[in-house]
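Protein chains in written order, with our numbering: chain A, 1 to 565; chain B, 566 to 944. Right, one structure below, let's go through it.
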Amino acid sequence: MAKRNGGGPATAESMASKQRDISVSEFFLKNRHLLGFDSPRRALLTAVKEAVDNSLDACEEGGILPEIAVELEQTAETRFRVTITDNGPGIVKNQIPKIFAKLLYGSKFHRLRMSRGQQGIGISAAGMYGQLTTGAATRILSRIKGAQVAHAMSVQIDTRQNKPAILSDTEQDWLPTFLPVNAEGQPEGDPVVSRHGTSVSIEMEAAYQRGRQSVDEFVKQCAIVNPHLSLHYRMTLITKADPKAKADATPAAPATVCVTYHRAIKLMPKIPDEILPHPHGVELGMLMQMLKDTESRTVRSALSSDFSRVSAQTALDICERAGIEPKTNPTRIAHQQSEALYKAIQGTKLMRPPTDCLSPIGEAQILAGLQKELRADFFTAVTREPAVYRGNPFQIEIGLAYARPQENEGLGNEEPVRVMRFANRVPLLYQGGACAMTKAVVGVNWKSYGLAQPKDALPLGPVVMLVHMASVWVPFTSESKDAIAGYAEIIDELTLGLQECGRRLSVFLHKRHHELEAARKRSYIEMYIPHLALGLKDILQLSDKEEDKVVTDLKKMLEKTHLDV
Amino acid sequence: MSKSTKIPNAPEIISKKAAAQKIMAVAGEIHTDIVKKHRKPEMVFPIRSLQNVRFDVKRGHFEILGKTATRTLSYNTVKTFAQSMRLLATTKNDLLDKDDIAGKREVYYNSKSWGECRFDEQPESDTLLDDIEAMLAINREQLGYIPEERGGDVTGPLVVIDQDPGNGKDIRIDCTKLGTGAWSIPSRVEHLRFEAGKAKFILAIETASLFQRLVHHRYYEKAHCILISMSGVPTRACRRFIRRLADDQKLPVLAFTDGDPYGYCNIYRTLKVGSGQAAHINRFFCVPQAHYLGVTPQDIADYELEDATHPLEEADIKRAKDALKNDPFIQHHKEWQDALNHMLKLGVRVEQQAFAKHGLNFVLDTYLPDKLKKNKYLP
């Protein structure tokens, strides 16, 4: 689009003088909200999230039980140093700069496989955010299995060319080391030392605040949904030397938070399989790109070898339907033809994509995760069978805990239930209202399961609901990956899972209600029977023994007939 | 004392010992049910409400029907059951065995030492006391419970022969010689005897202030009547006293109340035929020979009281309609239905004191003599 200058009409030449590459940094700064860096508080969380996602993905791919340390250290009023250390397989030296200092570089975008990261923007965006706000470089330490030393690197992004710039590159004798702490935050047990792993450290403008959208909450939810993870969290604030603070009797908020989330199970999640894209899940642009990139020499073979669930015969059918000669070179398919091909694909009945490529958390694992972080009287979990939306396989899992309100912060009979949302095991803390998961919870009639529920709102009660969607491609509503889009198939699966948990909850609540009622009745009866006996004793001059017999006989009689209502 | 010959139609007089034995029998049955028969004990009560009475025309009072309620021990009744046993124990051990008396409010306070079994409000203990009275078929006065409220006041040409509570000697009370005061009817009246040769009738009055006016002007001398102040709905003792006096001295009884549904359906009806609440003992506590003198709805026009009335309140209207629909006594008497309908149509009520419109003593100089001369009363 031509922009008009102050004077007369612009010429092609004058416009050309203004047309240039937009640097990634400019793009980033203008679109930081899309990537989750719109506020200092949120930037802190996003940086932690991207780094932890990468660590977990790396550990799992390497078949290593993950041990992760998350450290936040306030370095100035509005600055934090974020350091995430893992015991993953490490990164080979020449990949380090690209992974951490080049946007849109990664292993995950070009494949269809369930993983936490998807686009290869995350960690390098965090590094760039740090670079833009503080000028500091991203520092990486990495040691691969069997290596004698670790590589230590400082990298920055050349924001004009989206290329990594290496500031320093040395070798260090470094081993990833993790320090477990007890419930009071004091060191406990021996440090855990790994022979391999990676540590990334970014200094950035940030703000720390407790609450539902804090890093504290994020790491806790990570621990719940990854029961095979051992996570060490340390957050240190600058203690201000405030002269008034001495006189003040009320102590300031703790300047340090130290928590170890212990591993609950030693079972690694199944490594998800990579699948070919299903034709029904492919957009027109993507289809054109794939035709261009294919190694096949005919449209027909491109269709059958680059997509899942397309046999040679089906490919032939599609070509016929699109009016395309099957032997046409796929790179030569014109725009109009590709549109016809796209329509033909959409109109062709195809087998659903394979669904065994997903790696759900599993019911036992969800229970283990909830049980270690919540004090509750009832836990249940449901892993639904895989389903498909727009050609993408996905799987819904629901966990539900009925907590003891007095033992869990923020939970109560009059409080809305707490919905913890996860996509491919990553906690989603923002945009809850816009997310299909929240909508599905609101859409279920919880009253029939024994929870109060205001109209068009979350039900009330000391309940935590864990909602997880596993998919080769999670349909986020934006690149900041906060909320899941409400495809009908997804909402349906969510609803069925929630209803199943609701039915189990209702059984529990019923049983509990009866038990409470029976206990109440028992104590009521036990309160008055002695008086009845005493009255009889006084009237009939019974002995103490006879009085006792009246009491015992009556208790037996009433409990037998009136307690199991 | 064999009362059936001496005092006809009197409540059965039961010795304290016999009453105590009756309590022990009830308790014994409950005890046997629990420890021997291993079944849930029960208590059976006659139902005390207008639903369980009929108007016995021959006897002239509400007679109880056979309906009973059974209270079986259960989770829901265990508290009442326990309270009943403790109340029975107190009744037997503290009142009957020790020949003592207690007021209803004292019963309520006494229960405060029973821990969680205590009565929270007095109506609870009052209801239970009524239940026990009905269950034992012994009126509570004989169990040692005395009413809190006063029985009523009497003056007029009457000598009451009472007994000294200490030595049992007769005490003669001449009700003409009480000056400006009156004699209070005691809570127990069975032992009283009467001499009332000069009296021609008994006049039972609703309000104490009108009673005072009649006493002040010694109306009873002029009219040769015994005056009784009921102060609202007559107490059991008051009803029983009037009944015994009227039976004994063969005197007609006239009632003079406010002209409103409460005066007709509660005060007069209860005086004459008893109440639903006390259905089980009405036959003693009623005055079937009573008639209604006024103030009738017709009197409003006859004595030009239209400008001395008050509009009927919602509660009055409800009471009148309720009586027309449910009260067996009103349903029996066409005259009363007409009177109530007349009042509903007028939409007003009239008080005894309204006659003061024509002068303070109009009521005794004109109204009462006039009514007595006409000798026409409501049944």
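A virtual CB, placed ideally from N, CA and C, is assigned to each residue, including glycine.
At a cut-off of 8 Å, the C-beta of residue 516/A has no neighbouring C-beta in chain B.
Given a length threshold of 3 residues, each whole run of the beta strand (DSSP E) inside the region 142-175 of chain A is given here in chain order: 150-158, 163-172.
Under the Cβ criterion of 8 Å, residue 491/A is not counted among the residues facing chain B. Shown here, residue 75/A sits in a strand according to DSSP, grouped into three states. Excluding the 5 residues flanking it on each side, residue 885/B has same chain C-beta neighbours closer than 6 Å at 826, 905, 909, in chain order.
With contacts defined by Cβ atoms closer than 8 Å, residue 442/A and residue 429/A do not form a contacting pair.
Under the three-pair Cβ rule at 8 Å, the region 630-643 of chain B does not count as touching the region 670-679 of chain B.
In this structure, the beta-carbon distance from residue 12/A to residue 126/A does not fall below 8 Å.
Counting only the Cα atoms, residue 412/A lies some 31 Å from residue 526/A. Look at the region 322-396 of chain A and you find these whole runs of beta strand (DSSP E), each 3 residues long or longer: 376-383, 387-389.
Residue pairing by DSSP places residue 767/B opposite 791/B, 818/B in a beta bridge. When DSSP states are grouped into helix, strand and coil, residue 230/A belongs to the strand group.
In summary, residue 705/B is buried, with 16 or more beta-carbon neighbours lying within 10 Å of its beta-carbon over all protein chains present. Counting along the chain, residue 285/A sits inside the alpha helix (DSSP H) bounded by residues 284-293. A straight line joining the alpha-carbon of residue 123/A with that of residue 156/A spans about 12 Å. Note that the region 356-372 of chain A touches the region 380-390 of chain A; at least 3 beta-carbon pairs, one per stretch, sit closer than 8 Å. The C-beta distance from residue 226/A to residue 56/A rounds to 7 Å, short enough to meet the 8 Å contact threshold.
Residue 667/B and residue 708/B have their C-alpha atoms spaced approximately 9 Å apart.
Within the region 173-221 of chain A, the runs of beta strand (DSSP E) at least 3 residues long that lie entirely inside it are, in chain order, 197-205. Looking at 697/B, 871/B, 624/B, the one whose alpha-carbon comes closest to that of residue 861/B is 871/B. When DSSP assignments are scanned along the region 660-686 of chain B, the uninterrupted stretches of alpha helix (DSSP H) that are 4 or more residues long and fall wholly within it turn out to be 669-675.
DSSP places residue 596/B within a helical segment (H, G or I) once states are collapsed to three. Remark: fewer than three beta-carbon pairs, one from each stretch, lie closer than 8 Å, so the region 876-883 of chain B and the region 793-805 of chain B are not flagged as touching.
Our two residues, residue 327/A and residue 392/A, have alpha carbons roughly 28 Å apart in a direct line. Residue 288/A and residue 333/A have their C-alpha atoms spaced approximately 8 Å apart. In this structure, residue 727/B places its C-beta atom within 8 Å of the C-beta atom of residue 757/B.
No Cβ-Cβ contact shorter than 8 Å links residue 70/A with residue 208/A.
Short of 6 Å from the beta carbon of residue 780/B, and not among the five residues preceding or following it, lie these beta carbons of its own chain, in chain order: 720.
With fewer than 16 other Cβ atoms inside 10 Å of its own Cβ, residue 925/B counts as exposed. The residue from 282/A, 355/A, 324/A with its alpha-carbon nearest to that of residue 274/A is 355/A. Residue 852/B and residue 821/B have their C-alpha atoms some 14 Å from each other. Counting only Cβ-Cβ distances below 7 Å, residue 535/A has contacts in chain B at 647, 650, 651, 653, 654, in chain order. Pairing residue 854/B with residue 808/B, the inter-Cα distance amounts to about 8 Å. At the C-beta level, residue 361/A and residue 440/A stay beyond 8 Å of one another. When beta bridges are read from the DSSP output, residue 479/A appears opposite no residue. By the neighbour-count criterion, in which a residue is buried when 16 or more other Cβ atoms sit within 10 angstroms of its Cβ, residue 335/A is exposed.
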